[in-house]
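Here is the structure we will look at.
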Amino acid sequence: TLRADGAGDWREREAKELSDLVQNRITFLQNPPDCSKARKLVCNINKGCGYGCQLHHVVYCFMIAYGTQRTLILESHNWRYAPGGWETVFRPVSDTCVDRTGASTGHWSGEDHDRDVQVVELPIVDSLHPRPPYLPLAIPEDLADRLHRLHGDPSVWWVSQFVKYLVRPQAWLEKEIQQTTAKLGFKHPIVGVHVRRTDKVGTEAAFHSIEEYMVHVEEHFQTLAQRMPVDKKRVYLATDDPSLLQEAKAKYQDYEFISDNSISWSAGLHNRYTENSLRGVILDIHFLSQTNFLVCTFSSQVCRVAYEIMQTLHPDASSFFYSLDDIYYFGGQNAHNQIAIYPHQPRNADDIPLEPGDVIGVAGNHWDGYSKGVNRKTGRTGLYPSYKVKEKIETVKYPTYPEADKLLHL
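For what it's worth, the UniProt record's numbering labels the leading residue of the sequence shown as 1, then goes sequentially.
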């Protein structure tokens with residue numbers, strides 16, 4: 001969209017500056033002058049879950065490494081998705097320090113407690129004790145003002161910076177992405193739809209028909225058509241259900257569906273953990289993140305990763321999604337709170353009262369104008385109008401890496 005006021009230019013510039021700042025700090029942390037003397041945090045990728053979940057596990061490790069000023073050592077041999085390890089797919093997390101040896105090694109037992117331990121091993125977030133403050137959805141105090149001005153969801157932006165650093169592709173993968181882009185005829189405008197079925201439905205997530213997704217796709221294209229000519233309504237369809245593409249094409253003939261159907265074939269449960277399926281999930285996430293708008297279920301890690309990467313491609317893509325179920329969350333996050341900005345008198349037994357300033361622990365959004373949560377002052381759980389609250393974003397005193405910033409000559 002054209003802006004006469006130059007705010008768009010400011011936003012582009014500010015987004016780039018902030019991202020460059022953080023990427024430079026991470027690079028600085030990951031390449032210490034003397035690896036043998038560096039303080040290290042060891043993270044093993046082999047958490048017992050799928051690719052999106054494992055990637056988020058590494059993000060969590062990285063955030064704590066950044067918070068405790070320890071170089072992250074990523075252990076990934078015998079990775080179920082790529083037995084050769086992380087570096088066969090993505091660029092190494094360090095160019096100079098990948099060796100976990102040190103004078104002393106111990107399991108995580110808190111930042112202060114571990115002060116004199118050179119090499120600390122981090123457990124999965126589910127069994128992290130004590131929990132440091134360096135966890136989503138908190139953001140660094142030194143960047144908070146700038147982030148609030150720039151971005152509609154600073155917490156997601158902060159997570160996305162670690163994802164950005166992690167998923168830098170090796171040359172062969174870069175080439176694979178370029179070839180597949182051409183082969184599929186991936187063009188804008190395009191809406192991304194991710195339908196997750198084989199292993200989540202019935203356990204962690206409900207079944208959603210293609211119609212439920214397409215309502216929101218259609219709505220997005222109608223909004224878009226008011227601003228620009230839409231030559232073709234394109235949808236990138238990512239799914240683990242290989243029959244869905246034909247169903248979608250039959251039901252929505254005025255749409256062009258783009259899908260790497262070989263990806264769907266490899267995503268079924270029986271061959272989920274193979275290098276071919278890793279190629280598939282990486283490409284699906286890549287293309288979903290490249291769309292103009294995402295329609296999916298945030299209960300799925302794959303969709304949340306795509307949404308996170310999307311934030312690194314625009315100054316503020318916080319609103320470029322519709323989730324059929326969960327609001328955005330990060331597994332293992334600290335409490336997600338909101339603050340009431342208007343009073344609320346209950347209309348029925350399901351509602352809870354609010355006074356301005358009350359803190360509410362949000363459980364979820366019902367996407368019908370109401371959210372569900374617990375009023376932390378009264379202890380009551382129930383529904384309240386979503387518009388009567390605002391996000392309460394926690395800030396944490398992260399280290400500020402002045403030595404790294406000097407290298408940028410900002």
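For every residue, glycine included, the Cβ atom is placed at its ideal position computed from N, Cα and C.
Owing to the predicted nature of the structure, the values given are computational and were not obtained by experimental measurement.
Original post:
Among Ser36, Tyr81, Thr239, Val193, which has the Cα closest to the Cα of Thr71?
Top reply: If you number the sequence shown from 1, residue 71 lands on position 71. Closest option to Thr71, Cα to Cα, is Ser36.
**OP:** Return helix, strand or coil for Asn44, following the three-state DSSP convention.
**Re:** Stepping through the sequence shown from its first residue, residue 44 is reached at position 44. The answer is strand: DSSP assigns Asn44 an E or B state.
Original post:
If we count the other Cβ atoms within 10 Å of its Cβ and call it buried at 16 or more, is residue 417 buried or exposed?
Top reply: Since the first residue shown for the chain is 1 and the last is 410, residue 417 is missing from the structure and cannot be characterised.
**OP:** Kindly confirm or deny that the segment 48-61 and the segment 122-142 touch, where touching means at least three C-beta pairs closer than 8 Å.
**Re:** yes
Subject >> Close-in-space but distant-in-sequence residues of the same chain around Gly192 (CB under 6 Å, 5 per side omitted) >> reply: By one-based count along the sequence shown, residue 192 stands at place 192. Closer than 6 Å at the Cβ level, and outside the excluded window around Gly192, lie Tyr236, Leu288, Thr291, Leu294.
Subject >> Element boundaries [beta strand (DSSP E), containing Gly67] >> reply: The residue given as residue 67 occupies position 67 in the sequence shown. Per DSSP, Gly67 belongs to no beta strand (DSSP E); it is in the alpha helix (DSSP H), 51-68.
Subject >> Reduced DSSP secondary structure (H/G/I, E/B, other) of Asp351 >> reply: In the sequence shown, counting from the first residue as 1, residue 351 sits at position 351. Asp351 falls in the strand class under three-state DSSP.
Original post:
With 16 as the cutoff for other CB atoms within 10 Å, does Lys397 come out buried or exposed?
Top reply: Against the sequence shown, residue 397 aligns to sequence position 397. Exposed: under 16 other Cβ atoms inside 10 Å.
Original post:
So what does Gln345 bridge to, in DSSP terms?
Top reply: Numbered from 1 along the sequence shown, position 345 holds the residue referred to as residue 345. Per DSSP, none; premise fails for Gln345.
Original post:
Roughly how many angstroms lie between the CA atoms of Ala250 and Glu212, to the nearest whole one?
Top reply: Sequence index remark: in the sequence shown, residue 250 carries index 250 (1-based). Sequence index remark: in the sequence shown, residue 212 carries index 212 (1-based). So the two alpha carbons sit approximately 16 Å from each other.
**OP:** Assign Asn348 to one of two classes, buried (16 or more other C-beta atoms within 10 Å of its C-beta) or exposed (fewer than that).
**Re:** Looking up residue 348 in the sequence shown gives position 348. Looking at its Cβ environment, which holds fewer than 16 other Cβ atoms inside 10 Å, Asn348 is exposed.
**OP:** Taking the CB atoms as reference points, tell me whether Cys43 and Gln301 lie closer together than 8 Å.
**Re:** Looking up residue 43 in the sequence shown gives position 43. Looking up residue 301 in the sequence shown gives position 301. In this structure, Gln301 does not lie closer than 8 Å to Cys43 by Cβ.
Subject >> Helix, strand or coil at Trp367 [DSSP, three-state] >> reply: Taking the first residue of the sequence shown as position 1, residue 367 is located at position 367. It is coil, neither helix nor strand.
Original post:
To the nearest whole angstrom, what separates the beta carbons of Leu173 and Asp260, a pair I think is in contact under 8 Å?
Top reply: Position 173 of the sequence shown, counting from 1, holds the residue named residue 173. Position 260 of the sequence shown, counting from 1, holds the residue named residue 260. About 14 Å separates the two Cβ atoms, so there is no contact after all.
Original post:
Which residues bound the alpha helix (DSSP H) around Gly280?
Top reply: In the sequence shown, counting from the first residue as 1, residue 280 sits at position 280. It spans 275-290 - the alpha helix (DSSP H) in which Gly280 sits, taken as one unbroken run.
**OP:** Give, in chain order, every unbroken run of the alpha helix (DSSP H) that is at least 4 residues long and sits entirely within the segment 209-271.
**Re:** 210-225, 244-251, 261-266
Original post:
For His336 versus Lys388, is the C-beta spacing smaller than 8 Å?
Top reply: Residue mapping note: residue 336 aligns to position 336 of the sequence shown, counting from 1. Residue mapping note: residue 388 aligns to position 388 of the sequence shown, counting from 1. The answer is no: Cβ separation not under 8 Å.
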